[in-house]
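Quick note on numbering: the sequence shown equals residues -18 to -1, 1 to 74 in mature numbering (1 follows the signal peptide of the UniProt record, and there is no 0). Every residue gets a Cβ at the ideal spot worked out from N, C-alpha and C, and that includes glycine. What follows is one structure encoded as C-alpha cells, with my remarks underneath.
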Amino acid sequence: MLRLLLFTTTSLVVTAYAGCEDADPKCSEWATAGECSSNAVWMMANCRKSCHSCQGGDTAWKLRTHIQSTYKNVTDNITRQVRVESVPNQQC
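Next up, the structure:
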C-alpha cells in the first residue's frame, strides 16, 4: 500500500503519512472539483482522505507523476525530489 509522498522544492516538504483524515471540511468538495491534481502539493498534505493519498493506488501515483512533470523544467537552482515509499497498510 502506498503511504508516503515526499516532495521537496527548496525547503518545502509535504508528508502524507499520518492518519487518513482531511484537515478541512471542504476537502471532498475540492477533490471533486479536481484540486487533487491542480493543487496537488497542498491537497496531498491536507486532504489525504479525499485525494486517496493515504490509501495509495493509482491516484497517488498519478499525483506523483503530475508533481514531477510540473516542476521538471523549473530553474536548475532548485532541488526537486519526489519519493514514494510503501509502508504497512493502515485503515483510513
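Within 10 angstroms of the Cβ of residue i, are there 16 or more other Cβ atoms? Answer buried if so, exposed if not.
i, result
"Ala27", "buried"
"Trp12", "buried"
To which residues of the same chain is residue i closer than 6 Å at the C-beta, ignoring the five residues directly before and after it?
i, result
"Ser10", "Ser32"
"Met25", "Glu17, Cys18, Cys33"
"Ala5", "Asn28"
Whose CA, out of the options, lies closest to the CA of residue i?
i, options, result
"Glu3", "Ile49, Thr47, Ser35", "Ser35"
Contact defined as beta carbons within less than 8 Å: I believe residue i pairs with residue j. What is the distance between those atoms, to the nearest angstrom?
i, j, result
"Ala15", "Ile49", "Between Ile49 and Ala15 the Cβ distance is about 18 Å, and since that is not below 8 Å, they are no contact."
Residues in the same chain with beta-carbon distance under 7 Å from residue i, minus the five sequence neighbours each way, listed in chain order, please.
i, result
"Ser19", "Leu45, His48"
Skipping 5 residues on each side, what residues in its chain have a beta carbon closer than 8 Å to that of residue i?
i, result
"Ser51", "none"
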